[in-house]
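**Q** Before we start, here is the structure in question, set down as structure tokens.
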Amino acid sequence: MADNTISVYKSSGQNSGCGSGMIIGKRKLLKPNQSMRTINTYPEYYTYEDLYVGAQVEMDRFKFKIIGCDEYTLKFMENFPHRFPKANIGLILDKLRLRLQDNYKMFVSQYMKQARLDPVPYAEFSSAIHKVLGEDIKEQEVLHLGRRFQKVDPQFEINQEELRSLVQTNLRRKLFFEFSKLEENYHKYDVDKSGMVKKKEFMYVLKGARLPLSRDLVCALEQSFAPHEESIVNYTEFIKFLNYKKYPAPECPPMNTMMYMQGNTRRSDLTRSKLSNIQVDVAEFIKALGMEEQFIRENS
């Protein structure tokens, strides 16, 4: 991303009989109908701003349509919305507010069932958003809206004591005991000595510590202690949560952590779950639009 170089690989499907490999080597790629030989003008190259879900691009005469991206990429974009406007929920909602000024009531009424707003499938939500904005919204933007307002099923809340037992058991078996060093690393980001750090700093230290835990358990810790981008974490309590020496939890029997996470996730991964299974919390979405009071005021 720093130098706008791009490489394209072909992935082989399972049992497809087709091999994988590089299609386009890493370099800057010209947009269609651009030439290095043009005098007095600079040719246009593809940048990260051109690459988003729903985009159609032509590189070295190969035509591609971007149909998805991985969780790491989605989270990275959401963490830096000022650089990725298609992941900026505020900007997307502003576009919707502007377009819904004249037909807000009609838009909301399609979701009303017996005077309440029930969750709807992602496909239905996506279709409704596209009807409002048409070509002015990209699938990437709708995807981020779906992630932000995905319905959370309360029965899938992570059991803190169960997770604590599972994490401590893994740390004990792997002979991890550097809790003091972990706390020192958090102190570096705790300028006012409050015992609290922002999510970004919390996750930076956590991943840098290289705890002997599976990716699924690290994800579970993130969801338990820092579920939102604006979360503030009490790292002192977090270290107590991990410290099996001073604050031991009952030992956990052997368990498949991936299966544990699949059954105890706070928010599904939209890239790994079938979109047909995703439910969007329309009530939260309408609340975030914040147009209800304005609508009542203008029609009273």
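Letter by letter, the sequence shown follows residues 123 to 422 of our numbering. Every residue gets a Cβ at the ideal spot worked out from N, C-alpha and C, and that includes glycine.
1) Across the stretch 282-289 and the stretch 341-359, are there enough close Cβ pairs to call them in contact, namely three or more that are closer than 8 Å?
2) DSSP three-state call for G147: helix, strand or coil?
3) According to DSSP, what are the bridge partners of Q401?
4) Could you name the residues of the same chain whose beta carbon sits closer than 7 Å to that of P372, not counting the 5 residues immediately before and after it, in chain order?
5) Would you mind sorting G212 into buried or exposed? The rule is 16 or more other CB atoms within 10 Å of its CB.
6) Alpha carbon to alpha carbon, how far is M158 from S390? Give it in angstroms, no decimals.
7) Once the 5 residues before and after H350 are set aside, which same chain residues still bring their CB inside 8 Å of it?
8) Going straight from the alpha carbon of S302 to that of K368, what length do you get?
9) Mind checking M199: buried by the 16 CB within 10 Å criterion, or exposed?
10) Answer yes if the stretch 173-188 comes into contact with the stretch 260-269, meaning at least three C-beta pairs across the two stretches below 8 Å, and no otherwise.
11) DSSP has E180 in a bridge; who is on the other side?
12) Out of F184, D403 and R270, which one is the CA nearest neighbour of P241?
13) Is the stretch 215-234 touching the stretch 172-187, taking contact as three or more C-beta pairs under 8 Å?
14) Could you check the C-alpha separation between I361 and Y194 for me, to the nearest Å?
15) Could you tell me the boundaries of the alpha helix (DSSP H) in which S65 lies?
16) Can you give the Cα-Cα distance for S353 and E323, rounded to whole angstroms?
17) Can you list the alpha helix (DSSP H) stretches of 4 or more residues lying completely in the stretch 247-324, in chain order?
18) Would you list the one or two residues that DSSP bridges to L152?
19) Per DSSP, V355 is paired with what?
20) Considering only residues of the same chain and omitting the five flanking positions on each side of I408, which have a CB-CB separation below 8 Å?
21) Rank Y167, L364, F347 and L220 by C-alpha distance to the C-alpha of F299 and give the top, closest one.
22) With H, G and I counted as helix, E and B as strand and the rest as coil, what does DSSP make of M228?
23) With a Cβ-Cβ cutoff of 8 Å, do A331 and N307 count as a contact?
24) Beta-carbon within less than 7 Å of M381's beta-carbon, same chain only, minus the 5 sequence neighbours each way: which residues are those?
25) Whole alpha helix (DSSP H) runs in the stretch 196-229 with 4 or more residues, listed along the chain?
26) For A348, is the classification buried or exposed, using 16 other Cβ atoms within 10 angstroms of its Cβ as the cut-off for buried?
27) Whose C-beta lies closer than 6 Å to the C-beta of P207 among residues of the same chain, with five residues either side of it excluded?
28) Cα-Cα, which of F184, R183, N155 and L151 is closest to I170?
29) Any idea if M325 is buried or exposed, counting beta-carbon neighbours within 10 angstroms, 16 or more meaning buried?
**A** If we stick to the structure as given:
1) yes
2) Along the sequence shown, one-based indexing puts residue 147 at 25. Residue state, collapsed to three classes: strand.
3) Start at 1 with the first residue of the sequence shown, and residue 401 comes out as number 279. Bridge partners of Q401: P243.
4) What you label residue 372 is simply residue 250 of the sequence shown in a count that begins at 1. Cβ within range, chain order: S287.
5) Residue mapping note: residue 212 aligns to position 90 of the sequence shown, counting from 1. Per the 10 Å Cβ criterion, exposed.
6) Numbered from 1 along the sequence shown, position 268 holds the residue referred to as residue 390. Numbered from 1 along the sequence shown, position 36 holds the residue referred to as residue 158. Confidence at S390 is low in this model, with a pLDDT of 42, below 50, so the placement of that residue should be treated as unreliable; the coordinate-derived value is given next. Distance between the alpha carbons of S390 and M158: 46 Å.
7) Position 228 of the sequence shown holds residue 350. Closer than 8 Å at the Cβ level, and outside the excluded window around H350, lie K321.
8) Working through the sequence shown from its first residue, we reach residue 302 at position 180. Working through the sequence shown from its first residue, we reach residue 368 at position 246. One C-alpha to the other measures close to 12 Å.
9) Residue numbering aside, residue 199 sits at position 77 when the sequence shown is read from its first letter. Classification for M199: buried.
10) yes
11) By 1-based counting over the sequence shown, the position of residue 180 is 58. DSSP output for E180 lists K185 as bridge partner(s).
12) Here residue 241 is taken as the residue at index 119 of the sequence shown, counted from 1. Comparing Cα-Cα distances from P241 to each of F184, D403 and R270, the minimum goes to D403.
13) no
14) Position 239 of the sequence shown, counted from the start, is the residue given in the question as residue 361. Position 72 of the sequence shown, counted from the start, is the residue given in the question as residue 194. So the alpha carbons of these two residues sit roughly 25 Å apart.
15) Any answer about residue 65 is impossible in this case: the structure gives the chain only from 123 up to 422.
16) Position 231 of the sequence shown, counted from the start, is the residue given in the question as residue 353. Position 201 of the sequence shown, counted from the start, is the residue given in the question as residue 323. If I take the Cα positions, the gap works out to 11 Å.
17) 261-270, 282-295 and 301-309
18) As a first step, residue 152 must be located in the sequence shown, where it is residue number 30. Answer by DSSP bridge pairing, in chain order: Y167.
19) Here residue 355 refers to the residue found at position 233 of the sequence shown. Answer is V319, bridged to V355.
20) Residue mapping note: residue 408 aligns to position 286 of the sequence shown, counting from 1. Excluding sequence neighbours, I408 sits near V230, Y233, L239 and E414.
21) Counting from 1 along the sequence shown, the entry for residue 299 is found at position 177. When only C-alpha atoms are compared, the closest one is L364.
22) Counting from one through the sequence shown, the residue named residue 228 turns up at place 106. Of the three classes helix, strand and coil, the one that applies to M228 here is helix, per DSSP.
23) Looking up residue 331 in the sequence shown gives position 209. Looking up residue 307 in the sequence shown gives position 185. Taking 8 Å as the Cβ cut-off, A331 and N307 qualify as a contacting pair.
24) For this step, residue 381 is matched to residue 259 along the sequence shown. Reliability fails at M381, whose pLDDT of 47 lies under 50, so the model's placement of it is uncertain and no value is given.
25) 211-221
26) Translated into positions along the sequence shown, residue 348 becomes position 226. Buried, because 16 or more other Cβ atoms sit within 10 Å of the Cβ of A348.
27) To locate residue 207, count along the sequence shown from 1; it is residue 85. Around P207: L213.
28) Within the sequence shown, numbered from 1, the residue matching residue 170 stands at position 48. Rather than Ile, the amino acid found at residue 170 in this sequence is Tyr. Checked all of F184, R183, N155 and L151; the closest Cα to Y170 is L151.
29) Residue numbering aside, residue 325 sits at position 203 when the sequence shown is read from its first letter. Buried.
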